[in-house]
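One structure is given here, and the rest of the page talks about it.
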Amino acid sequence: MTLANRFSGLIFILVLSVVYIFYGCSTEEEGTLSSCEILAVSYSEDITPILESKCSVPACHDIAFAYGDFTQYDDLKEKADNGRLWLRIVTSGSMPPAGNPQLTESELERFKCWIEDGALRN
Numbered sequence: 002m003t004l005a006n007r008f009s010g011l012i013f014i015l016v017l018s019v020v021y022i023f024y025g026c027s028t029e030e031e032g033t034l035s036s037c038e039i040l041a042v043s044y045s046e047d048i049t050p051i052l053e054s055k056c057s058v059p060a061c062h063d064i065a066f067a068y069g070d071f072t073q074y075d076d077l078k079e080k081a082d083n084g085r086l087w088l089r090i091v092t093s094g095s096m097p098p099a100g101n102p103q104l105t106e107s108e109l110e111r112f113k114c115w116i117e118d119g120a121l122r123n
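And the structure:
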């Protein structure tokens with residue numbers, strides 16, 4: 002094998018390697034973030050306004066309601082921790098009840114993220 006043939010073979014391998022590297026880089030999928038990783042849900046800024054407009058209204062989850070006073074963080078946190086809040090809002094969709102203003106997709110997503118993140122008082 003002559004020096005020219007060896008050199009041609011090395012160039013061929015080098016070109017193939019470079020093409021392979023660039024192809025691999027251009028087709029790799031970047032990790033996608035979940036909506037909860039994108040949303041920085043805050044109890045005070047996101048959850049409280051939803052509660053005030055859709056949940057802790059008169060004759061619902063206000064201070065006089067035996068099944069959860071959502072004007073107080075501790076009652077809501079208890080329901081989030083024991084799974085009842087997730088069950089009623091996310092799984093069954095029974096809250097808010099029919100005939101009342103329903104949660105928008107954005108509000109529902111914020112509740113999901115807040116619960117998944119530990120229902121923090123932030």
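With the working numbering, letter number 46 in the sequence shown gets 47, and the count goes up by one each step, no holes. Ideal Cβ placement from N, Cα and C applies to all residues, glycine included.
Please work out which residues of its chain come closer than 6 Å, Cβ to Cβ, to residue i, disregarding the five sequence neighbours upstream and downstream, and give them in chain order.
i, result
"K78", "A120"
"F71", "L52, C56, S57, H62, L77"
Along the chain, where does the alpha helix (DSSP H) containing residue i start, and where does it finish?
i, result
"A81", "74-82"
"R111", "106-117"
What is the C-beta distance between residue i and residue j, in whole angstroms, given that I count them as a contact (C-beta under 8 Å)?
i, j, result
"R111", "Y44", "Between Y44 and R111 the Cβ distance is about 10 Å, and since that is not below 8 Å, they are no contact."
Does any heavy atom of the ligand SAH sit closer than 7 Å to the C-beta of residue i?
i, result
"G94", "Among the ligands in the structure shown, none appear at all, so the ligand SAH cannot be discussed."
| Are the segment 49-68 and the segment 87-106 touching by the rule of at least three beta carbon pairs closer than 8 Å? | When Cβ pairs closer than 8 Å are counted between the two stretches, the segment 49-68 is seen to touch the segment 87-106, the count reaching three or more.
| said: Below 8 Å, how does it come out for the segment 103-116 and the segment 59-75: are there three or more Cβ pairs, yes or no? | reply: No, because fewer than three Cβ pairs between the segment 103-116 and the segment 59-75 fall closer than 8 Å, the two stretches do not touch.
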